[in-house]
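First the structure, in the form of structure tokens, and then the observations on it.
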Amino acid sequence: MNRYELGIVDTRNIIKTLQDVYDYDFKNYALTFFKRRVEKIIINNNLKDADGFIRKIETDKGLFEQFLQEICVENTEMFRDPSLWRVLKEEFFPQIVPGNGNFKIWFPEVSSGEELFSTAIVLKKLNLLKDVQFIASSISELNIEKTTKGLFDPKKDEVNEANFTRIYNEGDLSDFYSHEEDKAYWDTSLIENTKFIKQNIIFDDYPKGVKLVLFRNQMIYYNQILQERFTKIIYNSLVPGGHFIIGNNEKIDYWNSDKDFTLINADEGIYKKKLV
Amino acid sequence: MYKALVIGGSAGSFQVITRILSSLPKNFPLPVLLCLHRLKHVRSGFVEALSIKSTIPIVEPFDKETIKPGKGYLAPANYHMYIELNKRIALSTEEPVNHSRPSIDLTFETAAQAYRDKLIGIILSGANRDGAYGLKKLKQAGGLAIVQDPNECQVKTMTEASLKLTTVDHIFTTEQIIKFLLNLK
Numbered sequence: 621m622n623r624y625e626l627g628i629v630d631t632r633n634i635i636k637t638l639q640d641v642y643d644y645d646f647k648n649y650a651l652t653f654f655k656r657r658v659e660k661i662i663i664n665n666n667l668k669d670a671d672g673f674i675r676k677i678e679t680d681k682g683l684f685e686q687f688l689q690e691i692c693v694e695n696t697e698m699f700r701d702p703s704l705w706r707v708l709k710e711e712f713f714p715q716i717v718p719g720n721g722n723f724k725i726w727f728p729e730v731s732s733g734e735e736l737f738s739t740a741i742v743l744k745k746l747n748l749l750k751d752v753q754f755i756a757s758s759i760s761e762l763n764i765e766k767t768t769k770g771l772f773d774p775k776k777d778e779v780n781e782a783n784f785t786r787i788y789n790e791g792d793l794s795d796f797y798s799h800e801e802d803k804a805y806w807d808t809s810l811i812e813n814t815k816f817i818k819q820n821i822i823f824d825d826y827p828k829g830v831k832l833v834l835f836r837n838q839m840i841y842y843n844q845i846l847q848e849r850f851t852k853i854i855y856n857s858l859v860p861g862g863h864f865i866i867g868n869n870e871k872i873d874y875w876n877s878d879k880d881f882t883l884i885n886a887d888e889g890i891y892k893k894k895l896v
Numbered sequence: 312m313y314k315a316l317v318i319g320g321s322a323g324s325f326q327v328i329t330r331i332l333s334s335l336p337k338n339f340p341l342p343v344l345l346c347l348h349r350l351k352h353v354r355s356g357f358v359e360a361l362s363i364k365s366t367i368p369i370v371e372p373f374d375k376e377t378i379k380p381g382k383g384y385l386a387p388a389n390y391h392m393y394i395e396l397n398k399r400i401a402l403s404t405e406e407p408v409n410h411s412r413p414s415i416d417l418t419f420e421t422a423a424q425a426y427r428d429k430l431i432g433i434i435l436s437g438a439n440r441d442g443a444y445g446l447k448k449l450k451q452a453g454g455l456a457i458v459q460d461p462n463e464c465q466v467k468t469m470t471e472a473s474l475k476l477t478t479v480d481h482i483f484t485t486e487q488i489i490k491f492l493l494n495l496k
């Protein structure tokens, strides 16, 4: 029942090590969250304490990759918040995608892939998948590998199926995945038209001309400084009138942010980039 | 002298929490942090139901919202709710703890780190062990630990698990909890 708990000084030392050795700056991550992720790695790898973690990660690139994957929290499930996906399916995609040229959708942190595959399935069922291009980026190489293969956790089948039936009266989510032994795979033809990008942590190489950004429940792991910085990157990547979807308990709220974005659906966290 | 009140509950706690919230004075001096187990896919309705009788405003906070006295903060469905050291709410979709998201342990533990000995924690009726570890951390940080009297609880598992892990300051009935809160300055 007792867990290892990281102190504030230890946490700062770890952040400094990651900066010095790998040139990754985590000081603007949300503190409680960051501590919990490091604690989890320390326990899972029997590293005992902060010093054990620092000694190991200084030379072990594999552990650093594992750390990057842990810091990008998995999407909890397919079609999280079914009411959003109903809006996308019934109004948003049918009204906005057809006749809008090459419709670029960017997932700035693809993490475990559920947002990408959920979007692909909704578009496929609308027969609009051919009209979009996905850009999926991650700071974690392991996440990109996993998502490219369509690999996911079969323990999520039940919640995934339940959400699917909250959006679709007929059909079956299992049309889109298969099980092989203890593993589960999405149909990767859904993501044929996806460009994967390994991002560095400052996202200096972001896509342009994007019409929709899906970035739900990822900026909650940043402090307000980093939230603002990322929102501005996303602003710059979007075309005027492009849309930005964040989690339903997130808010774009920096100084003068209402000059950049209009909130068009408060229940589902859908923002629109202003035209001028 | 206290700066915050944190309350955890699960099965059988709704009526208790409603009675508490309807009895607080309008100018209750502390923020009330509420972590109650709830259906993860039902987003709306719960905060509205709690608000009907509550004397203080109850919100499901946005990420990084500043915590203010005299206001209730309910952990949103399918999110953990942390309290950051700078007294802001931080939400998280990390893996469930004790099969729960929101997890009472996590809200209590992070609130204890933020408020140290200026925190009051109350564990109410519930059907699993979530909250027991969090109340222990709260007590270790110098906070005041209160558990609803198991004899009064619809489901005793949560309060009994808490009592097993921690020597608490008070075992109170709902009436006694209310009386105690009304005497806070």
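Line order of the protein sequences matches chains A and B. Take the first sequence: its letter number 22 is residue 642 in my numbering, and every next letter is one higher. Take the second sequence: its letter number 156 is residue 467 in my numbering, and every next letter is one higher. Glycine included, each C-beta is placed from N, C-alpha and C at the ideal position.
At least one C-beta of chain B is nearer than 9 angstroms to the C-beta of A/I840. Here A/S738 is buried. Its C-beta has 16 or more other C-beta atoms within 10 Å. A contact between stretches requires three or more CB pairs, one per stretch, nearer than 8 angstroms, and the stretch 709-719 of chain A fails this requirement with the stretch 668-683 of chain A. Separation of B/L476 and B/A443 (C-alpha to C-alpha, rounded to the nearest whole angstrom) is 7 angstroms. Where A/E800 is concerned, there is no enclosing alpha helix (DSSP H), although the beta strand (DSSP E) around it starts and stops at 797-800. Put simply, of A/Y855, A/G867, A/I866 the residue whose alpha carbon is nearest the alpha carbon of A/K893 is A/Y855.
No Cβ of chain A is located within less than 9 angstroms of the beta carbon of B/R427. Between B/S333 and B/K364, the CB-CB gap stays under 9 angstroms. Per DSSP, reduced to three states, the secondary structure at A/A740 is helical. Flagged as an interface residue toward chain A: B/A401, by a C-beta distance shorter than 9 angstroms. By the Cβ neighbour-count rule, A/I628 is exposed, with fewer than 16 other Cβ atoms within 10 Å of its own. Going by beta carbons, B/F483 and B/V317 fall outside the 9 angstroms limit. Close partners of B/F373 in chain A (Cβ separation under 7 angstroms): N869, E870, K871. Taking a cut-off of 8 angstroms for Cβ pairs, the stretch 397-407 of chain B and the stretch 686-701 of chain A touch, as three or more such pairs fall below it. Within the same chain, Cβ atoms closer than 7 angstroms to the Cβ of A/Q819 are found at S757, S758, I759, the five residues on either side in sequence being excluded.
For chain B, the residues of the stretch 683-695 of chain A that bring a beta carbon within less than 7 angstroms of one of its beta carbons are V693, in chain order. In terms of CA proximity to B/D441, B/P413 leads the group B/I457, B/Q451, B/Q465, B/P413. For A/N666 and A/L638, the gap between their C-alpha atoms comes out near 19 angstroms.
Within chain B, T404 have C-beta atoms less than 7 angstroms from the C-beta of A/N837, given in sequence order. For B/Y444, the three-state secondary structure derived from DSSP is helix. In the assembly as shown, A/G861 is an exposed residue. Its beta-carbon has fewer than 16 other beta-carbons within 10 Å.
Out of B/I394, B/I489, B/K467, B/V370, the CA that lies nearest to the CA of B/G445 is found in B/I394. Taking 7 angstroms as the upper bound on Cβ-Cβ separation, chain B lies near residues A650, L651, T652, F653 of the stretch 638-655 of chain A.
Assigned with DSSP and collapsed to three states, B/T366 falls in coil, not helix or strand.
Going by beta carbons, B/V458 and B/I431 fall outside the 9 angstroms limit.
Using a CB distance cut-off of 9 angstroms, B/R349 does not count as an interface residue toward chain A. For B/V327, the enclosing alpha helix (DSSP H) covers residues 325-334. Using beta-carbon distances, A/A804 does not count as an interface residue toward chain B, since no partner is under 9 angstroms.
Around A/Q844, the beta-carbon contacts reaching into chain B at under 9 angstroms are K375, R399. In the structure shown, A/W726 falls within a strand segment according to DSSP collapsed to helix, strand and coil. Residues of the same chain with a CB within less than 6 angstroms of the CB of B/L347, apart from the 5 flanking positions on each side, are G320 in chain order. In terms of beta-carbon proximity, A/N763 stays away from the interface with chain B, with every pair separated by 9 angstroms or more.
Scanning its chain for C-beta atoms nearer than 6 angstroms, with the 5 sequence neighbours on each side dropped, one finds around B/G453 the residues R427, D428, in chain order. At a cut-off of 9 angstroms between beta-carbon atoms, B/Q459 makes no contact with chain A.
A/P718 counts as exposed, since fewer than 16 other beta carbons sit within 10 angstroms of its beta carbon.
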